[in-house]
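This report concerns only the one structure given below.
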Amino acid sequence: MGVAILVLLLGIFITIAGSFGGAGGSVAASTVQREPLPAGSVTETGYYTDELGWIVDETMLVRGMRDFYKATGVQPYLYLTDNVDGNTEPSANEMGEFSARLYDQLFQDEGHFLLVYQEAWGNYMVGYTAGTQAKSIMDDEAVGILRDYLDRYNTSDLSDEEYFSTVFQKTGERIMTVTKSPWPVAAALLGAAALAAVLYLWWKKSKEKKEKEREQLQEMLNTPLTTFGNDQDGNGRDDAEDLAEKYQQQEAANREETSGGGQNQ
């Protein structure tokens, strides 16, 4: 019973932890029901520019980005660089302005999502720009989820291609579904634990009752038949002894009566 309860509690913990994030940082919930952009919203282009020389396995990188595209209808684009207008330590505003200018240079439609990833001296900054149509998908919450995944997998053992591929694939999957609360599952598990406890107590009491009945039956079976019905009058003597004494008394009385009659004659 104790093991069963521990397993259920562990299940609750894993469910809640998995819903709110895991090792490497948590990921925000998706609370909005989003619909993919209609076909024809995007003129498909390349998927990345690599000024850092990081990308070796292009297929690996593009695989996750295409998954994002299929899920959302928004084509992502990754721009890797070590500086923004010659600055290796740009501010957030500079990143935003740079990505906005870059969007107009790279695309002719409003269905792209541009992610600028700048890294120098071991630190990274990100800037992003979504086209007018893409903003219906890549709203503030969706962008926040993407940034959470960037942080979550940043310290992992993934290769650079796997890292960005995973970030886009996971982001597309999460933002296109409303994240379910873990509490109904947790409540169900707690209910199962409570039911198991009740059933266990019922079984234990039933077992104790049957054991007591078995002991009583065994005691009756082990009791000699001569002892049944003894000491009915509560005087410490059994019925057989009382009956024998009465018989002896009656026999003595009869002899005395017979003897007395002979003398009278």
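Just so you know, the sequence shown maps onto residues 14 to 278 in our numbering.
Beta carbons are placed, not taken as given, at the ideal position from N, Cα and C, and that holds for glycine.
Note that the structure is predicted; figures quoted are calculated from it, not measured.
The closest CA to that of Y162, considering only Q261, Y92, F177, V45, is found on F177. Contact annotation: H125 and Q88 have beta-carbon atoms nearer than 7 Å. The DSSP-derived three-state label of A147 is helix. Under the three-state reduction of DSSP output, M73 falls in the helix class. At a cut-off of 3 residues, the continuous stretches assigned as beta strand (DSSP E) that sit fully inside the region 80-104 are 88-94. Selection S169, K148, T94 evaluated against V139 yields T94 as nearest (Cα-Cα). DSSP, read as helix, strand or coil, puts D63 in strand. Exclusion of the five residues before and after E57 leaves Q88 as the residues of its chain whose Cβ lies within less than 7 Å of its Cβ. Residue range 173-188 is occupied by the alpha helix (DSSP H) that includes E186. The beta carbon of A155 is closer than 7 Å to those of I188 in its chain, skipping five residues each way along the sequence. In its chain, beyond the 5 residues on either side, T62, V129 have a beta carbon closer than 6 Å to the beta carbon of Y92.
Cβ-Cβ distances below 7 Å link D173 to W67, I68 in the same chain, with the five nearest sequence neighbours on each side left out; the list follows chain order. Excluding sequence positions up to five before and after Y82, its CB lies within less than 7 Å of the CB of Q88, P89, all in the same chain and listed in chain order. The beta-carbon distance between T179 and L171, rounded to whole angstroms, is 6 Å. This is short enough to meet the 8 Å contact definition. Straight through space, the alpha carbons of W216 and R76 are spaced by roughly 55 Å.
Restricting attention to D164, P49, S43, the CA atom closest to the CA of Q146 is found in P49. Per the coordinates, the alpha-carbon of G53 lies some 17 Å from the alpha-carbon of D80. Using a 10 angstroms sphere on the CB of Q131, the tally of other CB atoms reaches 16 or more, which defines it as buried. By the neighbour-count criterion, in which 16 or more other beta carbons inside 10 Å mark a residue as buried, P51 falls on the exposed side. Between the alpha carbons of I150 and T101 lies a gap of roughly 31 Å.
Here the alpha carbon of V55 sits roughly 21 Å from the alpha carbon of Q46. Around Y137, the same chain offers Y130, Q131 as residues with beta carbons nearer than 7 Å, after the five sequence neighbours per side are excluded. The C-beta of A207 has fewer than 16 other C-beta atoms within 10 Å across all chains shown, which makes the residue exposed. G99 counts as exposed, since fewer than 16 other beta carbons sit within 10 angstroms of its beta carbon. Each residue's CA atom was taken as its position, placing G204 and K218 some 21 Å apart. At the C-beta level, G135 and A41 stay beyond 7 Å of one another. V211 is classed as exposed because its beta carbon has fewer than 16 other beta carbons within 10 Å across all chains shown. With at least 16 other beta carbons inside 10 angstroms of its own, A84 counts as buried.
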